[in-house]
Amino acid sequence: MAYAASQPIAFPHKTHIQLGVSCIDCHSGADIRDAAGIPSVKKCMLCHDKLAREKPEVKKVIEYANKNIEIPWERVYGFSKTAHVKFRHAPHYRANIPCATCHGDLTKATVAERVVTHNMGTCLTCHRQRKAPEDCAACHY
Amino acid sequence: MDDVRRDLWRPLQGTSWRYLAVLLPLSMVTLWGLIAWGYQLDRGIGVANIRRPVFWAFYLVDFVFWIGISHAGTLISAILRLTEAEWRKPVTRAAEAITVFALMIGGMFPIIHLGRAWIFYWLIPYPNTRLLWPNFRSPLMWDLCAISTYLIGSSIFLFLPLIPDVAQLARHAKGWRRWVYRKLALGWTGSDREWHALERAMKLMAGIILAVAVSVHTVVAWDFSMAIAPMWHSTIFGPYFVVGAIFSGIAALILAMAVIRRTMHLEQYLTPHHFNNLAKLLLLMSLLWVYFTVSENLTVWYGNEPKEMMVFGARTRGTFAPYFWTMVVCNFFIPFVLLGIRKLRSIQTAIISSVTVLIGMWLERFIIIVPTLSRPRLAAAWGSYSPSWVEISITVATFATMVVLYLMFAKLFPIISIWEFKPHDRVPER
Amino acid sequence: MGGKVSEHRWGMAIDLDRCTGCQACVAACHAENNLPVSNPEQAALGRAVHWIRVDRYYEGEFPNIRVKHRPVLCQQCDEAPCEPVCPVYATYKNPEGLNVQVYNRCVGTRYCANNCPYSVRFFNWFDPEWPEPLQLQHNPDVSIRESGVMEKCTFCIQRIKRAEEEGANNLQPACVQSCPAEAMVFGDLNDPESKVSQLAENSRATQFLEELGTKPKVFYLERVK
Amino acid sequence: MDRRNFFKIVSTVSGAVATNACGDKKPLIPLLVPENGIVLGEEQWHPAVCTECGAGCSTIARVMAGERVIERGEEKFRERIASIKKIEGNPLDPVSGGRLCARGQAALQSLYNPDRLRGPMRRNGTRGEAKFTAVSWDEALKSVADKLKAYSGDQILFLTNAPQGTRALTIQRFLEALKAPPARSCGIGDFALERKAAETVFGWRGVPVYDLANAHYVLGVGADFLGGWLSPVYYSRQFGEFRQGRGGVRGHLVQAESRMSLTAASADEWLPVRPGSEPHLIVALSRMLLDEKPAGQLPDAVAQSIRTADLAALIRTCGIEEKRLRGIAHELGTSEAPLVIAGASVVQSNSFEALAAAHYLNALLGARGVLPPQPEPPSAPASGNVLEAMKRAKVLFLDGENPAYVLRAAQSLGALDLIVSFGSFLDDSAAYADVLLPAHHALESEAAVVPLGLGGVAVTQPFVRPLYDTRPIGQILGQLGVAFEAVNVKDYVAPMLPADQTWENVGRQGGYWKQNSGEAKVTAKELKWSEPVFAGKPEEFPLHFQPYLSLQFHDGRGANLPWMQELPDPVSSAMWGLPVEIDPKTAEKLKIATGDWVRVESGSGHLEAPAYVHPAALPGVVSMPIGEGHTHYGRYASGRGANPLAIVSPVWDGAAGEFAFGATRVRVAKLERKPALIQFSPQDREQGPWGER
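Protein chains in written order, with my numbering: chain A, 3 to 143; chain B, -14 to 415; chain C, 2 to 226; chain D, 110 to 802.
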C-alpha cells in the first residue's frame, strides 16, 4: 500500500482536474521554478469564495481562510534533509516529463498518495534512460 | 589425566576472586568507553578534540597502534612456526589470541573516527542498487579489504590449532561449555588423517598469514604515505610500520605471557628460557626500529626541504619534542640497555622493556600523525591539538577491553596449546 | 542539458596587486553559502569555517616590513589530491571541472582535508546552530550541512545552476561579486575570449603551490614589487 | 539506518542511559497565511541603503520567503515572510559599483539579530542595571512626552549617527521645533576634522573626494582609505583601477601612517611616522619640493612659513630618514599626476593641521585629484566636546550612538534626568536609558542618504515588513508632543533631482548619482603646525596608545554581528575578541608573547586584554582596534574583550576641538594568566619558526 498522508482536508485532485484545472494553475512554480509550491489557502478561496461553499470539506477550507491560517497540508513527496537533494521542477518541465511520471495519475486519484517511490534509484534510472546528467552535483549540492 | 593437562586446564575451572577483581573493574572501564562513544555519536564527532588542521589524532593513533599489536601474534607465531623454533610452542596461542582481539579493537577505530559512524557500511565494497561502488583508489578502501582479510585469516589461524584442544575439552567439560566445545571441535576425532591435514593447513596458513600481515601494516602505512602531507609522503613507511608493528607485537606478547604466567600459575610452562628468547627478539626489533627511525629523520633533515623541516622541527625540538624524545628513550635506550646487556636480561627487565616499548610505540604513531597534520604546507593553516576526555576515555577503554577479552578467552580456552606442548595420544588409524 | 554543461570549465583569477585584504569576500561567502557560525570555544579549537580566507604574512623586519595578502579558497584542482583518497566518492571532479563535495555521500573520514595542501576543507563537528530569527537569512538555494560531513568552496555551484535557468551573463560567485577592488574574476576557461582565460595567460599569473602538480583552476596574478 | 537508530543500538549494547537529546519531534505549529507576493523559491531584488557607516553606499537586497516562529498570546505560529537573504552593492551606484564591504554585507545580521528589542520598554531598576519591562507604545510615548515638557534648549542633547539624509533632517526639524541645539555625533569616525579642513582651506562644505583612479603617484598620510576612512568601498574600487585598471600605468602608493593599516599593507612603500608627526612630514616634504620647484597655487604666506621651517627638526620628529623623504618628494614633484590624501583615521591633537597642510601640498603640486564634494546642508554633524555638552544636558536622546562605549560617558549618563533610546539594541548606553523606543531597523525603513562627499542620493523604500513592534523614527518623534513635520523621502529627493530624472525612476534604481567635478581653489592663507600633545608623562607612561576603527566593528557598532566576530582580524587574525598590538622590541623587553594577557594603563584607566606581538608595529606605539568590550550589546558582544576607548584621556584637537582619541600615553605590564587569544591563523610568517608553535 502506498503511503497516503492523512490530510486535514480530503482534497480530491480528480474533481479539480475534471473541472479543467491544470496542475500548474495551483502548483504555479512547477514550470518556472525549483519548487512547484503548495498553493496558499488564499488561492483556494479565489474559487471557493463563490463555488461549492456548502460542501463539508470546502467549509473546512473556508474556516482556515477565515482564521488566516494555512491548511496544514502534509507533504506527500519530498526528500529527507540529509539527502541534500536540490530537486528543480523547471528543468524537468522543460524536458517534457509529464507530472504523472513522478506523481502518478492524479486524474484518478481522490487523495494524493505516494504512488511513485522517489529514491535515488528511480531518479537515476530515468536520468540514464533519457541521458540526463548523472553527475552527483546535478542534484546534490 | 596427566599433570600438564591438569595444570593447563585449571584456569578454565572455577573463578577466583582475583580473576573477578581484575575483570570487573576493567569491564567498567570498557563500559565507560562505550558510554563515551555513545556520547560522541549523539553530540557529534566534535566532542573529540580533533579540529582543523589536525583532522586525525587519537583515534587514528589507536587504530595504527592496535593493528600494530595485532602483529604480535600471528606474525610471530607464523614466523616461528615456519622456522620450526621449538621454544615457540607454549607461546603461539597466547600470541594468536592477541592478534584477533587487537584486530577487533583496532578495526573499530576507523568506525569510531567517522563523522557519521552510522553509515560506516557505505565503505564496504558491494554494489548498491544504483551500482555505485566505493572508491578503490582510496587507501582507506585498501585498508578495509586488508584488515578484514587479516581478521578472517588470523581467526582461522587461531582456530585451527584450537580444534584438538577443544575436542579434548569437550570430553571432560559439562553443561554449556561442553556444548560450545563440541560445536567448535567440528567433529574432531584425532585420526592421523586429521592430524596430517591440520599440520598441512597450519603450514599453509602460516605462509599466507605472513604475507597478509606484512601487507596489512604496509597498507596502514600507506594511509599516510599516499598523502602528500609533509613527512607522510615517504617510501619508508611500509617497512617502517611493519617493523614497528612486530616490535610492539612482541612487547605485547611478553606482557601477556608474564601476566598469564603469574595469574594462572604456569611458571613451569612459560620459563625464563621463553622470555629470554622473546627478549632477544625484542632487542632485535628495537635495533631495526631505530635504524628505520634514523633513516626516516636523517633523510628529511639532510634534504632540508622547508615544508618537511617545519614538521621535523616541531617533532624534534618544538611542541612535540618531549613526546619524540620519550619515544626514542622508550623504544631504543631502555630496551637496548636492559636487554642488550646480558647480565641485566631477565624476565623483569623484559617486562619493563615491553611496557616502555608499548608506550614508545603508541607515541611513535602520535608523532607520525599529529605533527604532520598540525604543520600543513601553508603556515596560515597551522594549528595544535590536545585530546578531549572522550578521546582519552575511548583510548583507555580499548586497553581495558583488550585485557577483558583476553581474560575471558583464557577462561574459555587453554591459553597454551596443549597438544603442541604435549602431543595428544593419537588414535591409531583404523 | 547533459551535453551542454560540460562545455564549461570554470576558473578564477585573483589579482594580488589589486587585493587589499579587506575580507569582503569572506563575508560574502558566509552570507551566500549558509556557513555555520561557531562560538569562541569552538573557534579557539580551530573550528571556525571560512570557505575563503585571506592569508596574511609579514615579510622582513620593521621598518622594512611588508604584508602579503592572498585570498585562498578551494583551488578546484584538475588533479585534486582530495579526490582519490575519498573512499566513497563524496568528492570528485564533475563534468564542468568543479571539484564537487557531495554532502549526503560523505561519511566523514576527513582524509580529503588531510590531503588538501591548501587547507581549504572544513568539517562540521556539530550540527550548526542558528538562534531564531537568524535562520531567516538562510539562502534556500544552498544546503544546511549537518554534523559529520566535510564542506568547502563550491565556486557557488547554486549560482552556476541558476545561470542555467537565467543565463550566464552575470555569473559570479559571491566572493567575486563582492570584491570592492575588483581583484577577482570568474569565468569559463574553455572560452579563450573570457577575461579569466586572458588573465590566466598574463605574465604575472601563477598557480598556488604549482610544484605539487595539482593544476589549480584558480590563478593568482602576483603583486608587482 | 540513521544516526538515531544507530545510537539506539549502541546504547542498548552498552546498557548506557541514553542522553536522549535527539528524540524531540518538531511540534506542529500552524502556518499563517503569508503576505502577498511571497512565492517559494522566487527571488526579488530591492534597493536599500547601507547605514553601517556614514559612506552611504546604495545596496540591493535579495528577498525570498523565509519562515519564523512567532507567539500570539499563548499560541505559537509559523509565519512565512519576505526575508532578506543577502545584501550586495547596487551595481548602478558609482560609489559601490555593485560591491560591498564585509560590514555592509553583515548588516543583515543586525536585522535578524536574536537580541533585537521587540518593542518599547521602560526602565525597571536602577540606572545601568539594564532591567526593563515591556510597555505599550502609548504608555512609553506619553511618559517621555510628559517629562520632555519641562526642558528646552541646552538641556536637551540628541546624539545620532544618522548620515546626511532624511533621518538626519527629521531629527533636525524635531530639535528645531523643540528649540534644542542641533544633533551631534560622538566624534569617532564622523570625519568632522576632514570637513573642517576642507571648509577652512577651500571653503567647501563636506568631505573632499579624491580621484585616486586617475592618479599616478599617491602619498597617503594618516588616511586608511582602504580600511575604514570615508568610503572604503569607493576607494577600494578606485584603488583597483589605480593599480591595474589602466594599461601601461600602474599607480604607486606611498602610505605614511603610525600603524600598518590595511592601506599601508597594500601600499608600495610604508612610512612609519611617529604618532602626531603627520603635519611635520607634510611640511618637510613641502619644504623639499619648494626648494626644487615654484610655489604653484600656494598662497605666499603659506609658502613663506614653509620656507622658514626647520627641516632638520621636522625630519627628526617624524622619524623617517631624510634620504628617503627626499626621494619621495622628488617622485611626487616629477609625477604626471601626483596626489596627497590626508586623513585622520586616528585623531591626534594636531590632526587638523596635517589635513590643512596636505591640501596646501596638493596645491603646491598642482594635483588635480582633489574634487569638491556635493555641498552638505548646514546640518552636517557637529561632534566637538560631547562630554561637555552632556554635562549641561538634562535630557538625552540616543539614536544609534553609544557614548557610554565611545566616550566612557557612563557616569554622565547616570546624572541625566531622562534618557531615551531609539536604537534596535540594548547597548552600553541604552542600558542607562529610562525608556527604549526602538525605531524600525534601517532595512525596514524608508530613507534617503547622501553619500559622503559624492554627488547624488541613495534611496530605499520599505520592502520587508518590520519584524517586531517598532515604529518609524519620524513617527516616534512626532508623538513626543512636539509639532513638526517628519521628512518624507519623496519630498526630500524630488527637489534634488535634475530634469532628466524622475522620482519613480530613482526609487526603482535606488538613487541617482552624479560625478564630482570641479577644481580645488585654496582660499585660506595660513598654515600652522604644532607639536602633538599627549596625555600622560613619558616617564610614567612610556608608550603611545592608538585605538583605531576596526574593519569588522567600525566604532563598535558591528560587535553584535556574529559574522564579524568570526571574521579574522586583518592584522592579528583574531576572532571573538581583539588584542592589544605591541611591537616586537617592546614585547621582548616586557617578556610578552602573542596571546599573553597584558594590562594597559593610562592616566585615565586601565584595560586587560591578550597581546598580539605585531611584527610591523612602530617601536613604542601600542595600537588596539575598537569594537570589543561592550558591557551590554546582546549575546555576541556583551562582556567580550576590552574597549580601548575606555582608557583614552580626553584630549581635544587644538584647532578644531575634536576628540583626539590617539593622544594618550600608556604603560603595559604582563599578567600571569592563561593565554587567551583566539586566532584563525596564529602563524604570521610564511615560513614558521623552526619547530616552534
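Ideal placement from N, C-alpha and C gives every residue a C-beta, glycine not left out.
Could you name the residues of the same chain whose beta carbon sits closer than 7 angstroms to that of Val205/B, not counting the 5 residues immediately before and after it, in chain order?
As a working note, residue 205/B is residue 220 in the second sequence. Contacts found: Val49, Ile52, Asp128 and Phe226.
Beta-carbon of Ser444/D versus every beta-carbon of chain C: anything under 8 angstroms?
By one-based count along the fourth sequence, residue 444/D stands at place 335. It does not: the Cβ of Ser444/D has no partner Cβ on chain C nearer than 8 angstroms.
Report yes or no: is there a C-beta of chain D within less than 8 angstroms of the C-beta of Ser39/C?
As a working mapping, residue 39/C is identified with position 38 in the third sequence. So, interface residue.
Taking a Cβ distance cut-off of 7 angstroms, strictly less, list which residues of the region 84 to 106 of chain A are near chain C, in chain order.
Thr84, Ala85, His86, Ala92 and Pro93
Using the C-alpha atoms, what's the distance from Gly29/B back to Ala214/B?
Your numbering for residue 214/B matches position 229 in the second sequence. Your numbering for residue 29/B matches position 44 in the second sequence. C-alpha separation (whole angstroms): 26 angstroms.
Pull out every residue of the region 90 to 104 of chain C whose Cβ sits closer than 9 angstroms to any Cβ of chain A, in chain order.
Tyr90, Ala91, Tyr93, Asn95, Pro96, Glu97, Leu99, Val101, Gln102, Val103 and Tyr104
What did DSSP end up calling Met173/D once you bin it into helix, strand or coil?
Along the fourth sequence, read from residue 1 onward, the residue named residue 173/D stands at position 64. Met173/D: strand per DSSP, three-state reduction.
Give me the Cα-Cα distance between Asp150/B and Trp(-6)/B, rounded to the nearest whole angstrom.
Position 165 of the second sequence, counted from the start, is the residue given in the question as residue 150/B. Position 9 of the second sequence, counted from the start, is the residue given in the question as residue -6/B. Going from the Cα of Asp150/B to the Cα of Trp(-6)/B covers about 10 angstroms.
In chain order, what residues of the same chain lie with their CB nearer than 7 angstroms to the CB of Leu516/D, ignoring the 5 residues before and after it?
Here residue 516/D refers to the residue found at position 407 of the fourth sequence. Excluding positions up to five away in sequence, the list reads Cys295, Val495 and Leu496.
According to DSSP, is Leu606/D helix, strand or coil?
Stepping through the fourth sequence from its first residue, residue 606/D is reached at position 497. Of the three classes helix, strand and coil, the one that applies to Leu606/D here is coil, per DSSP.
State the DSSP-derived secondary structure class of Val219/C, mapped to helix, strand or coil.
Residue numbering aside, residue 219/C sits at position 218 when the third sequence is read from its first letter. Val219/C: strand per DSSP, three-state reduction.
On a Cα-Cα basis, can you pick out the residue from Asp18/C, Phe220/C and Lys162/C that is closest to Leu74/C?
On the third sequence, residue 74/C is found 73 positions in, with the first residue counted as 1. Nearest C-alpha to Leu74/C: Phe220/C.
Under 8 angstroms between C-beta atoms, does Pro215/B make it to chain D?
Residue 215/B sits at position 230 when you count from the first residue of the second sequence. Taking 8 angstroms as the CB threshold, Pro215/B stays off the interface with chain D.
8 angstroms is my cut-off, CB to CB: does Ala38/A come that close to chain C?
The residue you call residue 38/A lines up with position 36 of the first sequence. No, no contact with chain C.
Which residues does DSSP pair with His91/A in a beta bridge?
The residue you call residue 91/A lines up with position 89 of the first sequence. Bridge partners of His91/A: none, in fact.
Can you check whether the CB of Val158/D is closer than 8 angstroms to the CB of Thr569/D?
For this step, residue 569/D is matched to residue 460 along the fourth sequence. For this step, residue 158/D is matched to residue 49 along the fourth sequence. Closer than 8 angstroms, so yes.
Using a Cβ-Cβ distance under 8 angstroms, would Met89/B count as near chain D?
If you number the second sequence from 1, residue 89/B lands on position 104. No - not a single Cβ of chain D is within 8 angstroms of the one on Met89/B.
So which residues of chain A does Gly228/D contact, with C-beta pairs closer than 7 angstroms?
As a first step, residue 228/D is located in the fourth sequence; it is residue number 119 there, counting from the start. Chain-order list of chain A residues neighbouring Gly228/D: empty, with the shortest C-beta distance near 22 angstroms, by a criterion of under 7 angstroms.
How is the beta strand (DSSP E) around Leu505/D delimited, first residue to last?
Sequence index remark: in the fourth sequence, residue 505/D carries index 396 (1-based). From DSSP, the beta strand (DSSP E) with Leu505/D extends over Val504 to Asp508.
Would Trp347/B and Val46/B be called neighbours here (beta carbons separated by less than 8 angstroms)?
Position 362 of the second sequence, counted from the first residue, corresponds to residue 347/B. Position 61 of the second sequence, counted from the first residue, corresponds to residue 46/B. A contact, by the Cβ cut-off of 8 angstroms.
Could you name the residues of the same chain whose beta carbon sits closer than 7 angstroms to that of Ala54/A, not counting the 5 residues immediately before and after it, in chain order?
Your numbering for residue 54/A matches position 52 in the first sequence. Excluding positions up to five away in sequence, the list reads Val60.
Distance cutoff 8 angstroms, beta carbons only. Does Val172/D sit that close to anything in chain A?
Counting from one through the fourth sequence, the residue named residue 172/D turns up at place 63. No, Val172/D does not count as interfacial toward chain A.
Alpha carbon to alpha carbon, how far is Glu167/C from Arg617/D? Give it in angstroms, no decimals.
Position 508 of the fourth sequence, counted from the first residue, corresponds to residue 617/D. Position 166 of the third sequence, counted from the first residue, corresponds to residue 167/C. Distance between the alpha carbons of Arg617/D and Glu167/C: 21 angstroms.
Alpha carbon to alpha carbon, how far is Gly736/D from Cys83/C?
Reading the fourth sequence from its first residue, position 627 is the one you call residue 736/D. Reading the third sequence from its first residue, position 82 is the one you call residue 83/C. Each residue's Cα considered, the two are about 39 angstroms apart.
At the 8 angstroms Cβ level, is Gln796/D part of the contact set with chain B, yes or no?
As a first step, residue 796/D is located in the fourth sequence; it is residue number 687 there, counting from the start. It does; some Cβ of chain B falls within 8 angstroms.
Just checking my contact of Ala595/D with Leu606/D at CB under 8 angstroms: how many whole Å lie between their CB atoms?
As a working mapping, residue 595/D is identified with position 486 in the fourth sequence. As a working mapping, residue 606/D is identified with position 497 in the fourth sequence. About 21 angstroms separates the two Cβ atoms, so there is no contact after all.
Spatial neighbours of Ala134/A within its chain, please: C-beta separation below 8 angstroms, excluding the five flanking residues on both sides.
One-based indexing of the first sequence puts residue 134/A at position 132. If the five residues before and after Ala134/A are omitted, its C-beta is found closer than 8 angstroms to the C-beta atoms of Ala97, Cys128 and Ala140, all from its own chain and listed in chain order.
My output table needs one value for Ala12/A: the three-state DSSP class, helix, strand or coil.
On the first sequence, residue 12/A is found 10 positions in, with the first residue counted as 1. Ala12/A falls in the coil class under three-state DSSP.
How many Å lie between His439/D and Glu308/D at the Cα?
As a working note, residue 439/D is residue 330 in the fourth sequence. As a working note, residue 308/D is residue 199 in the fourth sequence. Just so you know, the alpha carbons of His439/D and Glu308/D end up roughly 29 angstroms apart.
Kindly say whether Val43/A, judged by its beta-carbon, lies nearer than 8 angstroms to any beta-carbon of chain D.
Start at 1 with the first residue of the first sequence, and residue 43/A comes out as number 41. At a cut-off of 8 angstroms, the C-beta of Val43/A has a neighbouring C-beta in chain D.
Could you tell me the alpha carbon to alpha carbon distance between Pro37/C and Asp27/B, rounded to whole angstroms?
On the third sequence, residue 37/C is found 36 positions in, with the first residue counted as 1. On the second sequence, residue 27/B is found 42 positions in, with the first residue counted as 1. Whole-angstrom Cα-Cα distance: 19 angstroms.
Beta-carbon separation of Pro372/B and Arg300/B under 8 angstroms?
By 1-based counting over the second sequence, the position of residue 372/B is 387. By 1-based counting over the second sequence, the position of residue 300/B is 315. In this structure, Arg300/B does not lie closer than 8 angstroms to Pro372/B by Cβ.
Would you list the residues sitting across from Thr109/A in a DSSP beta bridge?
The residue you call residue 109/A lines up with position 107 of the first sequence. None, per the DSSP bridge assignment.
Thinking Val598/D and Thr275/D are a contact (beta carbons under 8 angstroms), I'd like their distance in whole angstroms, please.
Here residue 598/D refers to the residue found at position 489 when the fourth sequence is read from its first residue. Here residue 275/D refers to the residue found at position 166 when the fourth sequence is read from its first residue. Cβ-Cβ separation between Val598/D and Thr275/D: approximately 6 angstroms, consistent with a contact (criterion under 8 angstroms).
Report the neighbours of Trp367/B on chain D: residues whose CB is nearer than 7 angstroms to its CB, in chain order.
The residue you call residue 367/B lines up with position 382 of the second sequence. In chain order: Pro791, Gln792 and Gly797.
Quick check: what's the CA-CA separation for Trp118/B versus Asn282/B?
For the purposes of this step, residue 118/B is taken as the residue at position 133 of the second sequence. For the purposes of this step, residue 282/B is taken as the residue at position 297 of the second sequence. Roughly 39 angstroms separates the two Cα atoms.
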